[in-house]
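Visitor: Below is the structure I would like to discuss, written out as structure tokens.
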Amino acid sequence: MSKTIETVDDVVIRFAGDSGDGMQLTGTQFTNTTALVGNDLSTLPDYPAEIRAPAGTLFGVSSFQLRFSSWDILTPGDQPDVLVAMNPAALKVHLKDLKKSGLIVANTDSFDDKNLALAGFAGNPLADDTLVDYQVIEVPITKLTLNALQGMGLTQKESVRCKNFFALGLMYWMYSRPMEPTEGWIKQKFGNEPKIAEANDKAMKAGYYYGESTEVFASRFEVKPAQLKPGLYRNITGNEATALGVVAAAKKAGIPLFYASYPITPASDILHNLSSYKNYGVKTFQAEDEIAAAGVAVGAAYAGNLAVTGTSGPGAALKSETISLGVMLELPIVIVDVQRGGPSTGLPTKTEQSDLLFVMYGRHGEAPAPIVAAATPADCFHMAYEAARIAVKYMTPVYLLTDGYLGNGSEPWLVPDSKELPTIPVTFRTDPENFHPYARNENNVRPWALPGTPGLEHRIGGLEKANITGNVSYDPDNHDFMVHLRAEKVAGIAKDIPLQEVYGEQSGDLLVMSWGGTYGAVRSTVDRLRKKGYKLSHAHLRYLNPFPRNLGEVLGNFGTIFVPEINLGQLARLLRSEYLIDVVQFNKVRGLPLRSTELEQAIVKTLEAIPANGKRS
Amino acid sequence: MSKTIETVDDVVIRFAGDSGDGMQLTGTQFTNTTALVGNDLSTLPDYPAEIRAPAGTLFGVSSFQLRFSSWDILTPGDQPDVLVAMNPAALKVHLKDLKKSGLIVANTDSFDDKNLALAGFAGNPLADDTLVDYQVIEVPITKLTLNALQGMGLTQKESVRCKNFFALGLMYWMYSRPMEPTEGWIKQKFGNEPKIAEANDKAMKAGYYYGESTEVFASRFEVKPAQLKPGLYRNITGNEATALGVVAAAKKAGIPLFYASYPITPASDILHNLSSYKNYGVKTFQAEDEIAAAGVAVGAAYAGNLAVTGTSGPGAALKSETISLGVMLELPIVIVDVQRGGPSTGLPTKTEQSDLLFVMYGRHGEAPAPIVAAATPADCFHMAYEAARIAVKYMTPVYLLTDGYLGNGSEPWLVPDSKELPTIPVTFRTDPENFHPYARNENNVRPWALPGTPGLEHRIGGLEKANITGNVSYDPDNHDFMVHLRAEKVAGIAKDIPLQEVYGEQSGDLLVMSWGGTYGAVRSTVDRLRKKGYKLSHAHLRYLNPFPRNLGEVLGNFGTIFVPEINLGQLARLLRSEYLIDVVQFNKVRGLPLRSTELEQAIVKTLEAIPANGKRS
Amino acid sequence: MAGTNGNGETLKQSPAQPKKYTAKDFASDQDVRWCPGCGDYSVLAQVQRILPDLDVPKEKQIFISGIGCSSRFPYYMNAYGIHGIHGRAPAIASGVKSANPDLTVWVATGDGDALSIGGNHIIHALRRNIGLKILMFNNRIYGLTKGQYSPTSELGKKTKSSPFGTIDYPFNPVQLALGSGGTFVARSMDRDPKHLQQVLLRAAKHDGTAFTDIFQNCNVFNDGAYFLYTEKDTRPDNVLYVEHGKPLVFGKENDKGIKLEGFTPKVISLKDGKHSISDVLVYDETSYELAVLVATFGDRPGFPMPIGVFFKADRPSYEKMMTDQIEAVTKKRGAGDLDKLLKSGNTWTVTAN
Amino acid sequence: MAGTNGNGETLKQSPAQPKKYTAKDFASDQDVRWCPGCGDYSVLAQVQRILPDLDVPKEKQIFISGIGCSSRFPYYMNAYGIHGIHGRAPAIASGVKSANPDLTVWVATGDGDALSIGGNHIIHALRRNIGLKILMFNNRIYGLTKGQYSPTSELGKKTKSSPFGTIDYPFNPVQLALGSGGTFVARSMDRDPKHLQQVLLRAAKHDGTAFTDIFQNCNVFNDGAYFLYTEKDTRPDNVLYVEHGKPLVFGKENDKGIKLEGFTPKVISLKDGKHSISDVLVYDETSYELAVLVATFGDRPGFPMPIGVFFKADRPSYEKMMTDQIEAVTKKRGAGDLDKLLKSGNTWTVTAN
Ligand SMILES: Cc1ncc(C[n+]2csc(CCOP(=O)(O)OP(=O)(O)O)c2C)c(N)n1
Ligand SMILES: Cc1ncc(C[n+]2csc(CCOP(=O)(O)OP(=O)(O)O)c2C)c(N)n1
Ligand code: SF4
Ligand code: SF4
Ligand SMILES: [Mg+2]
Ligand SMILES: [Mg+2]
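Protein chains in written order, with my numbering: chain A, 1 to 617; chain B, 1 to 617; chain C, 1 to 353; chain D, 1 to 353.
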């Protein structure tokens, strides 16, 4: 039985179920297949801080959202078109996000009294009028899966576990995706357990054919490939991209990569990725804590490696004292902070932008450090590369800010050829003649002199030092000089970073100014508003310290500056103190990416408040 | 032979010698006696980071500066009138500070070839024309001391050690101070070693009578008592005052004081003082590190004590993650940061104001905490008390900023009667009825409910929590709500702190705006300029977060704001971002108090640049 | 030492006990959020079962933890609690205990929380002998962060962060605790509820720091790590129950024993006719050296895994010495008077003129 | 093992040695800033004396320290060095050593730096067996911060921060190092230069972490803490020199020995006619249990303070396993190619259309 195929442009689908239901895996498979089909895409995994909370509970719900499209997209979408709900709790948690008249695919087998009670439903929403505004498709997924696998000699538990593949197959059919990529993956993944492999494969196909052969679905859809720039693409998460970025930087610099870290959500994947690149000469060191990881990085940097230490907020706080030492020693270290919800343990699996002021000011004494921030998952590659380039060129610790959304989210990445990447020249000092550890080049940068080099024996340390010689100095005027020198060195990097670009008109009434992981939400909102005829421009910052040298000028070209952030206004504060301009803040600290609709409303409100002369009072 | 006695108003005297020469002790004795005589005074001890560097070296020089006066003074003075130089190194290091035509009392016995070489003198400055601009008085202090102690059966080494008492006696004579207080102190201090007591006493008297009986000194001086407000005075250092401040707060609050700390210069004296107050019910806990100290404080706070943890910059950095927990738990903790030269180990025995932005922003996530700062050594008492009051009233960690200069420096303090101190009401929750750990009062403050209270069993933690119940909550909107709530709670403290006062006219062309330990230098400079006829006012901030609620208004009343700081402009940044006003910065980061003369010049320059209309362009 | 039947029904009533608690009284109203099948459930249950046996009212029990799956423990106890930050539970707990020695202070921590990031606080708590009951849930893995190796993971173990195997030697937590000066050092297992209850009761009653290494199964990231020791069929031959005053015998039919030849321990058969029970070493938990020796068995090929209370010494606790010192000084100097303190030191009076 | 005469004149020339160094070659141009009479001077001198005996060129020696008087050490060595931050030297040193295993990496640290704030890094370095030579200057006090108690200060000690005496039990650093899994654990004294040189040489040559507890006199804040052990007249009767393969005898005339009765050590007289040298325990530095036992002597009334190499085990070092693993993986997978890596994973090609 073949159905009509509707062509659509843009779909947001969300898989939701228990932590144990394999929703992350289902989402990832759908993503990979979708990438191969050539759609542009963006993902948003969301999982609880508990590993696997008791089945059926609200806090145990895990979800994976995926948006794919035949044109360029920038965000995983605010409101899903389709919600696959593996149990009542999943429906309960996610229903409020679903588009009005959106599609719900519900696993009816799980809507029993116990699960309904756990989810806090008074009655059965499939039976009452809770879902009148939506299209509901009821599928007894568990039963159908069991049926499909009957006679394979699997336990009931093993069979039930395959139900996510049934759901995956159903969605593959619905959106006209091929099953081959997942078939291949199953074979490889479950190579040692052929029975499980076969069962998953069967379940997927059962789902696919269920869609094809039953009357439940009115139609199926097709999303044509996106018009992406030609080239080799790879679907990549921000954490993968960060890992690749520092590997690439080390290779281009011709020095080994040394990654010292202590596991922490949502940064651990960087460690996992890098620890598998041993044959790239990558050393990974799982330290006893974040302080040790930072200390190990200091040591590795002194010994001539590209030293990187990654973490999230609580770990970044612990590294603070040691990074202050790094500033004093003037050694290159990249500190990655994959921001998450704070303060304290906060919302460890959620995203946030609340460490900007911390990385800017969170060291005792006058301890300046450059800061860069990635805009999208794939941009993590480029900004990690930049962080490394700046660190070794200027002999300084550099912070790279990403966040939970960027780290776990993914998008297609046009893979660069290593030859296209900027060079990172590194020269270790070897000549003992006239060697001084704190002599300076034209950028105020001291030489990198490695232990093991004959004739360069020298000592560095955390006490204030005389310029040039590096000897301990308690001289008041020298200290004043050095404090200023270190600040100027970092400020001077401004001449070595790109000018700030503005999207849209270069001057006007309103500039939306964002940074970090909100790029997608902000750019697409600005775009939408521009298409609707509103006049506004967008500037997205990737260099936070120092700011691009034309930033003051850029800001001066607009009557009103609108700054959306997932914090209480941290960039806003920096802009205010740096440029003495007022800004309109938009702050939603919900542990989630900004919602385009809210953002759009706030921008429109701001636009409407702008008087005719273009200047706010 | 009696000499004429000249009356003078204001004297700055600096004792300088080897770390082993007992200069700190000499200075302290002179200070105590001077206090008893009724002069106003201010002190500035300065010692090397090494415990006792080899004798005669430049880096081993230790000094103690003391200013005393018959009127109110605010600083230990920029330039000494008298320099007592126990050896060539002391002369070398301190000569550049001495007032032109100032007096040098030099211990000629130490000006031998070895010491001259160690000090880096080409010739003997007492013999050549190095000191033509000064009055030099040569005294063979060592020899005279040895002579005085002959026949007492002391070893040569023991006798030589008494030479600082000879110098002290000489200065007592010169400034007409009584010897009795020191006599008494010697008896008490060396009670177990009567021979040493006698020797020190003899040496002091020998010095005194040497002044009286020889012709070396043309005249002696007298400094009449200052016109201080009547009452009981005590000479007190900032660290002593901080210790007393928290003891007083705990007593007035009716709860025990718990001080958890890890030793660090220049904060250790707070621990030393408090550990001797055991009979005041004070518990002190020397933790294994600063992180542990902060954790112990969190625990003690939960258990209902007034929890205080003191440290300096590097330790404050280490506490950061734990204080973020304190913010989340909403527990009262006072964190004292006795600031020193940074970054990293920096200049550990020197003063600085460079942790302001750190305590403001140095925690991951949105983790607001109130900040107060002491203005003078004695003010440490009052601001420590304030910090404690705010902490328990608002259930929040509070930072108290002091610095190395305040901590070690001293001044006379009009001791308050405990009855005059503001009340600190503390009510522990005991009623189980309707108890919720995160319920709020009118100030958004949650109840303090102690373990051990029947019926209030509850759990708190670092994960985000639902308001009122305190249960873990991952709800996005609750997080947004709580982040805002915590910020508002701290901002709301503004209504509970004094309005900002302005010294001088309440509006005008120039306001000098300072904070922390620069108070004395700034106020006396402003005073001097006002006496010279310049028009300017002064506002000194003791509340840094939140700012006094009238601060914006105060700033608006002046055309130009001049902000002197011992950092690169940290208060300046806060003012700029908060009030969007430009300020003129004056930043000298020399590890030392600001110099009035430099400051005066900079202010005058700023005043002169103000155009007739009073507004800088 | 009477246990409970799991429902608290056969509670030994202690006269001073203010209320007759049952295990359920110690369960909080929060849903337990561990993975189904996790060993943490058993530890929770055993703690809740032994608490009624202590003469301590509910409001004087406090549970303090760090971060990790196991560190969720306090939420599930109807008592006071702090879910702290990673590694810092012993520090927070030390603050609570020294501020109020009257409380029974428990620390719930994981192998990563206690021995990796929290290592310093653990060894210092042990050194100070401060009254904390430290329960270390040792699953030899980082559970909450989804499967990296911990400081107790076996050398060569493949995990998320060691895809080619670890190169870190593990700690032996018992040796570390002994080396730190611990006065109560024990080990038990999630899957031996009765033994765990006994050890927990002794830990609770110890005056000073009590450290218990609890083998705990993480069925998601390190399933079966201890099955050799915990499962019925393999346990008897692979586990040695160490008990004070009892000979060190083990085996399905108590047919094996430990003999000491000079300094060298030997596993002997009690059935080979060559040895008898009188050759077997009788355990003495007051001997530090014996504790260290027996604790090496787990790392010795051919030896059973030792379980039980390895060492117990009686030394004044930190909080006792703190209280005593305050009392002694107060007795000597008199209770402090604030005004006297403020007006002490180098004072003088200025009179109006 | 030939030492030097202090001027390096009787240097044993090692064939592979690139240059014939003298002790002076290792002195930097910086003025030494310790208090006159401080025990640190001797440690510095002994290190400078033994370095010429190693086959290591000067540029491959690196000294890394934390903060404290003793941590000024690197400044005085003509070698590479980092004066780090308080407690973190082992972490920094671990970074240096694993980045470049070819370097000889020394850690100079104090009892506070190593065991208080740095405790976690010390125990983890020992556990990992990473090639650091840790010299712990143990003066049982905080020198640089002017006299607070340290984790090795005796119980009850009055210091600046404990005016009524401490209530903290001290660590026994040797037990802690053994409990952490250390593979080389030793003790020596500032005032026994020859012994110190011998121990330092052995530490330098050990493959893995070498921990040496060095009794050091702080003549300003804790003068004479070790005089019982270091001074000529009292040393023989109060110090036991522990040496592999040698009987444990001591006393002015080697007239006392240690005998083991079962598990219990006894001090015996070799002159009372009842005992002879054959009763005396012969030391075996490869025995962990023996090391633990002997290391308790310092805390046992009536027993001499043990000095020497307590324990030495040969296990692959962390850096060796790290290098080996990289080599093995590279051999198996081939040396990594950046472009291949970038283009790996889930890729697809978009063609112009
Ligand atoms: C400062 C800091 N670093 C890292 C983390 C991330 N983290 C949370 S729990 C954990 C380890 C958990 O392992 P374990 O203590 O063994 O507990 P388990 O989950 O196995 O019970 C880590 C690394 C954190 N929360 N805070
Ligand atoms: C983070 C931090 N905390 C505290 C200090 C202060 N501090 C410097 S050295 C030291 C202890 C010194 O004792 P030890 O390590 O025994 O060395 P010693 O001076 O006795 O050789 C302390 C507490 C510091 N520099 N940094
Ligand atoms: S991940 Fe492991 S330790 Fe954590 S709750 Fe699940 S089974 Fe237990
Ligand atoms: S204070 Fe003590 S340890 Fe420090 S240099 Fe002086 S004598 Fe040595
Ligand atoms: Mg674990
Ligand atoms: Mg020390």
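All C-beta atoms, glycine included, are put in the ideal place defined by N, C-alpha and C.
From what residue to what residue does the alpha helix (DSSP H) around Val82 of chain B run?
Guide: The residue labelled residue 82 of chain B in the question sits at position 82 within the second sequence. It is not in any alpha helix (DSSP H) - Val82 of chain B instead sits in the beta strand (DSSP E) that spans Val82 to Ala85.
Visitor: Tell me the start and end of each unbroken alpha helix (DSSP H) in the region 528-607 of chain B that is at least 4 residues and wholly inside, in chain order.
Guide: Correct list: 551-556 and 570-579.
Visitor: Would you say Pro416 of chain A lies against chain D (beta-carbon separation less than 8 Å)?
Guide: In the first sequence, the residue the question calls residue 416 of chain A occupies position 416. So, interface residue.
Visitor: Could you name the residues of chain B that Gly313 of chain A contacts, counting a contact when the two beta carbons are closer than 7 Å?
Guide: In the first sequence, the residue the question calls residue 313 of chain A occupies position 313. Neighbours of Gly313 of chain A on chain B, chain order: His364 and Gly365.
Visitor: Quick one: any contact between the region 323-343 of chain A and the region 291-298 of chain A, if contact means 3 or more CB pairs under 8 Å?
Guide: Because the criterion of three Cβ pairs below 8 Å is met, the region 323-343 of chain A and the region 291-298 of chain A touch.
Visitor: Can you check which of these residues, A:Gly461, A:Asn408, A:Leu356 and A:Arg486, is closest to Ala567 of chain A by C-alpha distance?
Guide: As a first step, residue 567 of chain A must be located in the first sequence, where it is residue number 567. Looking at the sequence shown, residue 567 of chain A is not Ala but Asn. Closest by alpha carbon: A:Leu356.
Visitor: So, does the region 193-209 of chain D touch the region 37-46 of chain D, judging by three or more C-beta pairs under 8 Å?
Guide: Yes, the region 193-209 of chain D is in contact with the region 37-46 of chain D.
Visitor: Exposed or buried, which one is Arg300 of chain D when buried takes at least 16 other CB atoms within 10 Å?
Guide: Reading the fourth sequence from its first residue, position 300 is the one you call residue 300 of chain D. It counts as exposed.
Visitor: Are at least three pairs of beta-carbons, each pair with one atom in the region 99-110 of chain D and one in the region 147-157 of chain C, less than 8 Å apart?
Guide: Contact between the region 99-110 of chain D and the region 147-157 of chain C is absent, because fewer than three Cβ pairs lie under 8 Å.
Visitor: Can you list, in chain order, the residues of its chain with a C-beta nearer than 6 Å to that of Gly8 of chain D? Leave out the 5 residues immediately preceding and following it.
Guide: Along the fourth sequence, read from residue 1 onward, the residue named residue 8 of chain D stands at position 8. The predicted position of Gly8 of chain D is uncertain, since its pLDDT is 32 and thus under 50; no value can be drawn from it.
Visitor: Rounded to whole angstroms, what's the CA-CA distance from Asn129 of chain D to Tyr241 of chain C? Just pull it up for me.
Guide: Residue 129 of chain D sits at position 129 when you count from the first residue of the fourth sequence. Residue 241 of chain C sits at position 241 when you count from the first residue of the third sequence. Taking the straight line joining both Cα atoms gives about 31 Å.
Visitor: Which residues share a DSSP beta bridge with Glu347 of chain C?
Guide: Mapped onto the third sequence, residue 347 of chain C falls at position 347. According to the sequence provided, residue 347 of chain C is Thr. The question's Glu does not apply to it. Thr347 of chain C pairs with B:Arg234.
Visitor: List, in chain order, every chain D residue whose beta-carbon is nearer than 9 Å to that of Gly66 of chain C.
Guide: One-based indexing of the third sequence puts residue 66 of chain C at position 66. Simply none; closest approach about 14 Å.
Visitor: Do we get a CB-CB distance below 8 Å when we pair Gln148 of chain D with the residues of chain B?
Guide: The count along the fourth sequence starts at 1 and reaches residue 148 of chain D at position 148. Output row for Gln148 of chain D: interface = yes.
Visitor: For Ala293 of chain B and Ala248 of chain B, which I take to be in contact (beta-carbon distance under 8 Å), what is that distance rounded to the nearest angstrom?
Guide: Here the question's residue 293 of chain B lines up with position 293 in the second sequence. Here the question's residue 248 of chain B lines up with position 248 in the second sequence. With a Cβ gap of about 22 Å, Ala293 of chain B and Ala248 of chain B do not count as contacting.
Visitor: Measuring CB atoms only, is the region 118-133 of chain C touching the region 269-284 of chain D, in the sense that at least three cross pairs come out at less than 8 Å?
Guide: No: the two stretches stay apart, fewer than three of their Cβ pairs being nearer than 8 Å.
Visitor: So is Glu289 of chain D buried or exposed if we call it buried at 16+ other beta carbons inside 10 Å?
Guide: As a first step, residue 289 of chain D is located in the fourth sequence; it is residue number 289 there, counting from the start. Buried.
Visitor: At a cut-off of 7 Å, would you count Asn120 of chain C as near ligand 2, judging by its Cβ distance to the nearest heavy atom?
Guide: Residue mapping note: residue 120 of chain C aligns to position 120 of the third sequence, counting from 1. Not under cutoff, so the answer is no.
Visitor: Using a C-beta to C-beta distance shorter than 8 Å, which residues of chain A count as neighbours of Asn109 of chain C?
Guide: Within the third sequence, residue 109 of chain C is the residue found at index 109, counting from 1. The question names Asn, but residue 109 of chain C is Thr in the sequence shown. Going along chain A, no residue has its Cβ under 8 Å from Thr109 of chain C, so there is no contact; the nearest lies around 14 Å.
Visitor: Taking 7 Å as the cut-off, does the CB of Glu231 of chain C come closer than this to any heavy atom belonging to ligand 1?
Guide: Residue mapping note: residue 231 of chain C aligns to position 231 of the third sequence, counting from 1. No, the beta carbon of Glu231 of chain C sits no closer than 7 Å to any heavy atom of ligand 1.
Visitor: Quick one: which chain B residues come within Cβ less than 9 Å of Val350 of chain C?
Guide: As a position in the third sequence, residue 350 of chain C is number 350, starting the count at 1. Going along chain B in sequence order, the residues near Val350 of chain C (Cβ under 9 Å) are Gly38, Pro225, Ala226, Gln227, Leu228, Lys229, Pro230, Gly231, Leu232, Tyr233, Pro412 and Leu414.
Visitor: Please confirm whether any heavy atom of ligand 5 lies closer than 7 Å to the CB of Tyr474 of chain B.
Guide: Within the second sequence, numbered from 1, the residue matching residue 474 of chain B stands at position 474. No, ligand 5 has no heavy atom inside 7 Å of this Cβ.
Visitor: Can you give me, in chain order, the residues of the region 450-461 of chain A that have a beta carbon less than 9 Å from any beta carbon in chain D?
Guide: Result list: Leu450, Pro451, Gly452, Thr453, Pro454, Gly455, Leu456, Glu457, His458, Arg459, Ile460 and Gly461.
Visitor: Tell me which residue opens and which closes the alpha helix (DSSP H) that Tyr277 of chain B is part of.
Guide: Mapped onto the second sequence, residue 277 of chain B falls at position 277. It is not in any alpha helix (DSSP H) - Tyr277 of chain B carries neither H nor E in the DSSP assignment.
Visitor: Given a cut-off of 8 Å, decide if Val105 of chain A and Pro225 of chain A are closer than it, judged by their beta-carbon atoms.
Guide: Here residue 225 of chain A refers to the residue found at position 225 when the first sequence is read from its first residue. Here residue 105 of chain A refers to the residue found at position 105 when the first sequence is read from its first residue. Contact flag unset, no.
Visitor: Does the region 233-241 of chain B touch the region 264-277 of chain B, meaning 3 or more C-beta pairs lie closer than 8 Å?
Guide: The region 264-277 of chain B, when compared against the region 233-241 of chain B, does touch it at the 8 Å Cβ threshold.
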